[in-house]
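Peer 1: Before I ask anything, let me first share the structure, which is written out below as structure tokens.
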Amino acid sequence: MSKKVIVFSQIDSDVQARLEQQYQVVVINPKQGDVNEQIRKEVVDADAMIGAGRLLNESNLATAQKLKIISSVSVGYDNYDVQYLNQKRIWLANTPHVLTETTADLAFTLLVSAARKVPSLDQWTKQGEWKRTVGTAQFGQDIFGKTLGIIGLGHIGAAIARRGFHGFNMNILYHNRREKIEVAQQFNAQYRSLEDLLQQSDFVVVAVDLNSESKTLIGKHELSLMQKHAVFVNIARGSVVDEQALIDALSNQQIFAAGLDVYQKEPLQDSPLFKLDNVVTLPHIGSATAETRKKMAELAYQNLIDALEDRTPHYLVNPQF
Ligand code: NAP
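Just so you know, the sequence shown maps onto residues 307 to 627 in the numbering used here.
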């Protein structure tokens, strides 16, 4: 009997078609009722799962008998209870590297958009408000040659630093759990404590992974250290930031602006952020280009079939369980 694969979110249609040729495929469909109920029922005899954007933990995986791999179409893996997967000896695979540059592009898009008020001035122009030459209310912040502080100098953080250094002649500061001397040398980046980085940067970009140490890394106190003209960008995960503290800082014009791709609760609905014109809100699209999503889907497919064909996948989060 062919192996069973659960597709737990919408995935690339070519990859799904290929999976359907090789395996018995079950697609979890939110239109057919409670998603967790469907997962609990289907996972009993499943060999593999593929998808992104769903919480997978003991509550919906406990019935799994022979699940070998969860292949996530993402680099971040905070949706999965890795400790529980280790206990059950289930591999977790992810898709690093292929989305690094695209996500760094998006970080810079947010940085520039927030600094130069791009979305609000686009609306302003289209609403016919441009009746004479612009005034101070339309002025933004200079970017070229300014100080860019990056929190989390991992793959994406380094790609953001490269853009700032080579493209915008920026002075790069970084904060990371440990110093990254070799990477930092490429852009003459200087290591700073979190507090010093927040105080000294004109632009702060968060690019850490979400883990127990980075949860609410940026709260009221940290935001209070930023300069009044500073711009804050988060492309990492919403829970790295105390969202209410950020809303307060933006409402009180304690900082100039923010550019956000991620939120404490997604999809973002009815948020006070919607009422603020000094924040640019995007719907978690860091890696969302056609080319990059294709590469991520192919990598996740490869991880999955490697596991099912008794090879060790290249990109395992928990290779040793
Ligand atoms: P990565 O290479 O693992 O980089 C993460 C970096 O953050 C590492 O250098 C890590 O330090 C550092 N870090 C973790 N916790 C920290 C803390 N508490 N304080 C200081 N530094 C800390 O991962 P990546 O590929 O760059 O991706 C980073 C994250 O971006 C992903 O995990 C994901 O959540 C997010 N992301 C978002 C999107 C989007 O659509 N918006 C797309 C892709 C990724 P160490 O060197 O000590 O490990």
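C-beta atoms are modelled at their ideal positions from N, C-alpha and C, and glycine is treated no differently.
Is there at least one non-hydrogen atom of ligand 1 closer than 6 Å to the beta-carbon of Ile478?
Peer 2: False, no ligand heavy atom lies under 6 Å from that Cβ.
Peer 1: If we call anything under 7 Å between Cβ atoms a contact, is Ile312 one with Ala370?
Peer 2: Not closer than 7 Å, so no.
Peer 1: Would you give the residue range spanned by the alpha helix (DSSP H) that Met602 belongs to?
Peer 2: Element bounds for Met602: 596 to 614.
Peer 1: Closest by CA to Thr595, which one among Arg360, Val404, His527?
Peer 2: It is Val404.
Peer 1: Could you have a look at Phe493 and say whether DSSP puts it in helix, strand or coil?
Peer 2: In the structure shown, Phe493 sits in coil (DSSP, three-state: anything other than H, G, I, E or B).
Peer 1: Starting from Val539, follow its DSSP beta bridges and name the residues at the other end.
Peer 2: Its beta-bridge partners are Val511, Gly565.
Peer 1: Flag Asp515 as yes when its Cβ comes closer than 6 Å to any non-hydrogen atom of ligand 3, and as no otherwise.
Peer 2: As presented, the structure is devoid of ligand 3, carrying ligand 1 as its sole ligands.
Peer 1: Shorter than 6 Å, the distance from the beta carbon of Asp567 to the closest heavy atom of ligand 1, or not?
Peer 2: Yes, since a heavy atom of ligand 1 falls inside the 6 Å radius drawn around the Cβ of Asp567.
Peer 1: Taking 6 Å as the line, does the beta carbon of Arg468 fall inside it for any heavy atom of ligand 1?
Peer 2: No, since every heavy atom of ligand 1 falls outside the 6 Å radius drawn around the Cβ of Arg468.
Peer 1: Under 6 Å from any heavy atom of ligand 1, does the C-beta of Pro461 make it?
Peer 2: According to the sequence provided, residue 461 is His. The question's Pro does not apply to it. Under cutoff, so the answer is yes.
Peer 1: Report all residues from its chain with a CB closer than 7 Å to the CB of Gly382; omit the five preceding and five following residues, and keep chain order.
Peer 2: Asp515, Leu516, Arg543.
Peer 1: Taking Gln316 as the reference, which of Leu412, Asp428, Arg360 has the closest Cα?
Peer 2: When each option's Cα is compared against that of Gln316, the closest is Arg360.
Peer 1: Using a Cβ-Cβ cut-off of 6 Å (strictly less than) and excluding sequence neighbours within five positions of Thr587, which residues of its own chain qualify?
Peer 2: Hits under 6 Å: Leu566, Leu579.
Peer 1: Does DSSP classify His631 as helix, strand or coil?
Peer 2: The structure shown has nothing for residue 631, since the chain only spans 307 to 627.
Peer 1: When the Cα atoms are used, what is the spatial distance from Lys452 to Val585?
Peer 2: Distance between the alpha carbons of Lys452 and Val585: 20 Å.
Peer 1: Thinking C-beta only, is Phe562 closer than 7 Å to Val539?
Peer 2: The answer is no: Cβ separation not under 7 Å.
Peer 1: Excluding the 5 residues preceding and the 5 following Gln444 in the sequence, name in chain order all residues of the same chain whose CB lies nearer than 7 Å to its CB.
Peer 2: Answer for Gln444: Lys423, Leu427, listed in chain order.
Peer 1: If you count every other CB in all the chains shown that lies within 10 Å of the CB of Lys310, and 16 or more means buried, which is it?
Peer 2: Lys310 is buried by the Cβ-count criterion.
Peer 1: Check the C-beta distance from His481 over to Ser499 and give it rounded, since I have them as a contact under 8 Å.
Peer 2: Confirmed, about 7 Å.
Peer 1: With a threshold of 16 other CB atoms inside 10 Å of the CB of Asn335, please say whether the residue is buried or exposed.
Peer 2: Asn335 should be labelled exposed.
Peer 1: Helix, strand or coil: which one does DSSP assign to Thr587?
Peer 2: Strand, per DSSP.
Peer 1: I think Ile478 touches Ala465, with their Cβ atoms under 8 Å apart; what is that distance to the nearest whole Å?
Peer 2: Not a contact, Cβ separation roughly 12 Å.
Peer 1: Output the distance between the C-alpha atoms of Met476 and Ala358, rounded to the nearest integer angstrom.
Peer 2: Distance between the alpha carbons of Met476 and Ala358 is about 35 Å.
Peer 1: Does the separation of the CB atoms of Ser377 and Ala564 fall below 7 Å?
Peer 2: No.
Peer 1: Which whole-angstrom value is the C-beta distance of Arg271 and Glu528, which I expect to be below 8 Å?
Peer 2: As displayed, the chain neither begins before 307 nor continues past 627, which places residue 271 out of reach and without an answer.
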